[in-house]
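For the sequence shown, the working numbering begins at 1 and goes up steadily by one. Where a beta carbon is used, it is the ideal one built from N, C-alpha and C, also for glycine. Just so we're clear, the structure is a prediction, and the values are computed from it rather than from any experiment. Below is one structure, written out as structure tokens, with a few remarks after it.
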Amino acid sequence: MTHQTDTITLPHGRPGTTRRLTIHRFGTQGARPKAYIQAGLHAGELPGLVVARHLLERLTALDAEGRIKGEVVLVPMANPIGLDQVLLGGHVGRFDLATGVNFNRAFADLADAVSVRLRPGDLGPDASANGRFIQAALANAAQALQPRTEADALRKLLLSHAVDADIVLDLHCDSEAVMHLYTTPACWPLGVADLASRLEAKAVFLADVSGGEPFDEVCSTPWDTLRARHGGPETPVPVGCSAVTVELRGEGDVDDTLAAADAAALIDHLAWRGIIDMPAPLVPDTSDLATPLAGVDRVRAPVAGVALYHVALGDMVTAGRHVATVLDPFTGDRHACHAVSDGIIWSRTQNRYAGPGDILLCVAGREVLVTSGPLLTA
Ligand SMILES: [Zn+2]
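Structure, rendered in structure tokens:
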């Protein structure tokens, strides 16, 4: 049995209070490949918490059979600060109430910290050796961060355990949505299609940089930066970390059977990656599923009112389709909202009381629509 549990108290808390993070490790520390999986960074997104519980049980059983070949680090409840935030009877798990900052933004991009410390001769002709060297450098850079707040201490702690992993899976969910993933164009062809297929994802969104430093991108994109600055034929820099945000459908999709199936899909993917010693069933090829994040057609309310949807999650629409109406219940005016792209309806906003400019629903278009500014919503 290799399972170890660490419980860490966050520094910088208020007097008389403590918040703790529990981290589970399976396999020999330092064994490769290493996978890091966390759930509940947005603390109110409950599907991931249930999936993580199933993962913990599956990994414990696999460990007892001696099947963990690499290393798996699992953080089943990644945000004890957010779990504790209730305001006027409602839970607030997405934003830090102290600062208004989204818990999945403002992570440290460690590319510069590693880049300035690289010396001639640190990298050589062996891509794999370069990858291990950079992973160690990233881990050291994460350790050197000096957070001043409890929320930043949490960010440092999560990043420190993830940034040297070969695979990072950050479990989230949307408002109302089908299963979908976010990753980078560099990561996508290196195994993320397998994950998408096992999870039966209906959409995958690719962006080199989506803006705001979300967790998955500070694990994956430093490799792109370091490759651009230091990589070359004599010093190849691999895609050292395949990081993916997994959106486990919508906030209301909290279901034990669904969660067990999702956990089984993740375990099969870890087996396919060579981290767990067990056969992984063959799955269909989904390599044509990915679309640009900049191609997402976000259909917005032109005015405030009650949103009436005319399409369901998973529907395929074509450009020009009347997908929603915003009703002004005071005047009776109805404002039609149309898709501008062809594609699948992959998310809808649960709250039907729309403000002007609010996103109502999203279409996974293939043509780029956004050419500047951040690609993620608040
Ligand atoms: Zn989230």
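Can you say whether residue i is buried or exposed, counting buried as having 16 or more other CB atoms within 10 angstroms of its CB?
i      : result
His338 : exposed
Ala98  : exposed
Phe399 : Outside the displayed range of the chain (1 to 378) lies residue 399, so it cannot be described from this structure.
Ser287 : exposed
Arg155 : buried
Gln38  : buried
Leu282 : exposed
Glu57  : exposed
Thr221 : buried
Thr5   : exposed
Ala378 : exposed
Glu234 : exposed
Leu87  : exposed
Asp255 : exposed
Met316 : exposed
Tyr309 : buried
Asn351 : exposed
Gly365 : buried
Ser372 : exposed
Gln146 : exposed
Thr291 : buried
Ala198 : Sequence inspection shows Arg at residue 198; the Ala mentioned does not correspond to that position. Arg198 should be labelled buried.
His42  : buried
Gly121 : exposed
Pro15  : exposed
For ligand 1, I want to know if residue i counts as a neighbour, meaning its beta carbon is within less than 7 Å of at least one of the ligand's heavy atoms.
i      : result
His172 : yes
Glu384 : Only positions 1 to 378 of the chain appear in this structure, which leaves residue 384 out of reach.
His200 : Note that residue 200 is Glu in the sequence shown here, rather than His. No, the beta carbon of Glu200 sits no closer than 7 Å to any heavy atom of ligand 1.
His42  : yes
Glu45  : yes
Asn79  : no
Asn104 : yes
At the level of alpha carbons, what is the spacing between residue i and residue j?
i      : j      : result
Arg117 : Thr349 : 45 Å
Gly232 : Gly13  : 45 Å
Thr28  : Val50  : 26 Å
His172 : Arg249 : 8 Å
Leu55  : Ala144 : 31 Å
Gly252 : Ser175 : 8 Å
Gly332 : Arg273 : 56 Å
Phe107 : Ile134 : 18 Å
Thr17  : Gly82  : 14 Å
Arg25  : Asp277 : 16 Å
Asp358 : Leu327 : 14 Å
Arg19  : Thr9   : 6 Å
Gly93  : Met1   : 34 Å
Gly320 : Asp268 : 40 Å
Gly355 : Ala307 : 10 Å
Gly131 : Ala243 : 15 Å
Pro80  : Asp96  : 11 Å
Gly44  : His91  : 7 Å
Ala193 : Ala271 : 15 Å
Thr183 : Glu217 : 8 Å
Pro374 : Ile275 : 34 Å
Asp126 : Arg227 : 14 Å
Val204 : Ala35  : 20 Å
Leu293 : Leu206 : 5 Å
Ser128 : Ala31  : 14 Å
Ala162 : Thr245 : 13 Å
His335 : Ala301 : 8 Å
Gly212 : Cys219 : 13 Å
Ser160 : Pro11  : 15 Å
Ala165 : Ala142 : 13 Å
Could you check whether the Cβ of residue i sits closer than 7 Å to any heavy atom belonging to ligand 2?
i     : result
Gly40 : Ligands in the displayed structure: ligand 1; ligand 2 is not one of them.
Please tell me whether residue i has its Cβ less than 8 Å away from any Cβ of chain D.
i      : result
Arg298 : Absent from the structure is chain D; it holds one protein chain and no more.
Quick one: complete beta strand (DSSP E) runs, 3+ long, within the stretch 293-336? 296-300, 305-309 and 322-327
Quick check for students: name the residue ranges of the beta strand (DSSP E) that lie wholly in the stretch 209-286, counting only runs of 3 or more. Listed in chain order, the beta strand (DSSP E) runs fully inside the stretch 209-286 are 242-250, counting runs of at least 3 residues.
Note down, one range per segment and in chain order, each alpha helix (DSSP H) of at least 4 residues found wholly within the stretch 70-101. 80-83
Can you list, in chain order, the stretches of the beta strand (DSSP E) that have 3 or more residues and sit fully within the stretch 144-197? 167-174 and 180-183
Which full runs of the alpha helix (DSSP H) of 4+ residues lie inside the stretch 102-137, going along the chain? 111-117
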